[in-house]
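So the structure is just underneath, and the comments pick up after that.
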Amino acid sequence: MELETKISTTDLNLYYGAFQALTDVHIRIPARNVTAIIGPSGCGKSTLLRCFNRMNDLVERTRIEGRIVIDGQNILTPDTDLIALRQKVGMVFQRPNVFSLSIYNNLKFGLRIHNLLRRKDQIMQTIQEGLEHVGLWDDLKDKLHANAQSLTLEQQQRLCIARVLILRPDIILLDEPCSALDPIATLRIEELLRVLRTDYALIIVTHNMQQAARVSDFTGFMYLGRLIEFDETQRIFTNPAEPLTEDYIRGSFG
Ligand SMILES: Nc1ncnc2c1ncn2[C@@H]1O[C@H](COP(=O)(O)OP(=O)(O)OP(=O)(O)O)[C@@H](O)[C@H]1O
Ligand SMILES: [Mg+2]
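Going by the working numbering, the first residue of the sequence shown is number 35, and it counts up by one from there.
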């Protein structure tokens with residue numbers, strides 16, 4: 035079966051000042067799958083992820099060349115609507131970035147930024163659906179006005195995922211989303227990602243190779259700003275084409 039491509043990059047180069055952080059990256063991210071990006075520290079994983087919703091625009095002295103096409107549109111053109119792009123391409127970070135606001139207002143906040151605020155009963159409905167989607171509704175329905183920072187880290191990370199989901203994205207970027215969590219919470223978040231993959235293109239950066247093997251369908255291995263290899267996860271972990279990938283998988287470096 036031919037996979038639908040959600041994101042494709044061509045000749046992607048990115049410079050921070052004089053330093054080249056990405057070199058000639060060609061990648062095709064499939065729709066409705068989990069793609070893992072692995073590689074040693076500093077190889078450009080986060081940089082690549084941030085290209086997909088143009089978060090690097092916020093970093094000074096960044097220069098980017100090439101093409102990034104999402105649903106047929108090159109998102110690097112100057113007329114790209116960044117608010118719309120960041121709604122379509124949501125992002126979840128390493129530390130759950132909940133605001134010191136109630137659970138309810140954390141969710142309402144994103145709706146407000148993206149002008150999705152409707153009538154009050156509709157807001158409540160949207161918030162309920164978001165919390166249900168990430169398995170938090172039963173636990174939190176009676177304390178929606180509690181401060182979100184009082185939740186466990188796992189709950190906070192789920193809340194961050196809910197905050198992205200209620201904006202109805204197509205793509206969800208996750209930069210080491212479990213690195214602040216304990217192993218049990220990590221496995222539960224991974225289960226959630228497996229469920230979400232039916233409807234979204236998920237891209238997860240991880241240092242944890244077991245996690246990449248468990249959670250992803252496809253894996254890209256990066257090294258020194260280049261995408262060395264991209265293939266089905268099963269293949270990357272059992273029979274990679276590139277010796278460099280093999281060395282990394284075996285733990286020879288990184
Ligand atoms: N704002 C910046 N200015 C200058 N150099 C940067 C900036 N951000 C990242 N870099 C450099 O770009 C390279 C890639 O960084 P990036 O954060 O994308 O790597 P990474 O693979 O995500 O690493 P890690 O696994 O440690 O998170 C690194 O050499 C880093 O030092
Ligand atoms: Mg990183």
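Heads up, the beta-carbon is just placed ideally off N, CA and C, and yes, glycines get one too.
Would you say T114 and R97 are within 9 Å of each other, going by their C-beta atoms?
no
For K175, is the classification buried or exposed, using 16 other Cβ atoms within 10 angstroms of its Cβ as the cut-off for buried?
exposed
Thinking just about the alpha-carbon of each residue, which of F271, E188, T57 and Y138 is nearest to the one in T81?
T57
Does the beta-carbon of F287 have 16 or more other beta-carbons within 10 angstroms, so that it is buried, or is it exposed?
exposed
Report the residue from I270, G259 and H167 whose alpha carbon sits nearest the alpha carbon of I223.
H167
beta-carbon V239 near ligand 2 non-hydrogen atom, thresh 8 Å
yes
Quick one: what does DSSP say S109 is sitting in, helix, strand or coil?
The question names Ser, yet the displayed sequence has Ile at residue 109. Coil, per DSSP.
For L226, which residues of its own chain have a beta-carbon under 8 Å away from its beta-carbon, when the five flanking residues on both sides are left out?
V168, G169, R192 and I195
To the nearest angstrom, how far is the alpha carbon of G265 from that of R152?
As written in the sequence, residue 265 is Asp, which differs from the Gly given in the question. D265 and R152: Cα-Cα distance of roughly 43 Å.
Along the chain, where does the beta strand (DSSP E) containing H167 start, and where does it finish?
No beta strand (DSSP E) contains H167, which is instead part of the alpha helix (DSSP H) from K154 to H167.
Distance check for E36 and Q268, CA to CA, integer angstroms please.
18 Å
May I ask you to list the residues that DSSP assigns as paired with S136?
N181
Determine which residues share a DSSP beta bridge with P64 and list them.
T39
For I104 and K142, the rounded distance between their alpha carbons
27 Å
Nearest-angstrom Cα separation, counted from F271 out to A247:
7 Å
Taking the C-alpha atoms as reference points, what is the distance between V126 and E276?
30 Å
I285 in three-state terms, based on DSSP
Looking at the sequence shown, residue 285 is not Ile but Gly. Correct three-state label for G285: coil.
What would DSSP say about N90, mapped onto helix, strand or coil?
helix
Using the three-state DSSP reduction, which class does L295 fall into: helix, strand or coil?
No statement about residue 295 is possible, as the shown extent of the chain runs from 35 to 288 and does not include it.
Using a Cβ-based criterion (distance less than 8 Å to any ligand heavy atom), does K79 qualify as near ligand 2?
yes
Give the range of the alpha helix (DSSP H) segment to which L119 is assigned.
L116 to K122
Pair every Cβ in the segment 66 to 73 with every Cβ in the segment 118 to 134, then say whether three or more of these pairs are closer than 8 Å.
no
Y50: which of N90, E38, D233 and F252 sits nearest, CA to CA?
N90
Enumerate in chain order the residues of its own chain whose CB-to-CB distance from Y282 is below 8 Å, with the five nearest sequence positions on each side excluded.
I72, G73, P74, F255, Y257 and G288
Option nearest F86 by Cα separation, candidates K122, E38, R260 and C77
K122
Any chance the CB of V93 is under 8 Å from a heavy atom of ligand 1?
yes
Supposed contact pair V59 and L261 - C-beta distance, whole angstroms, cut 8 Å:
5 Å
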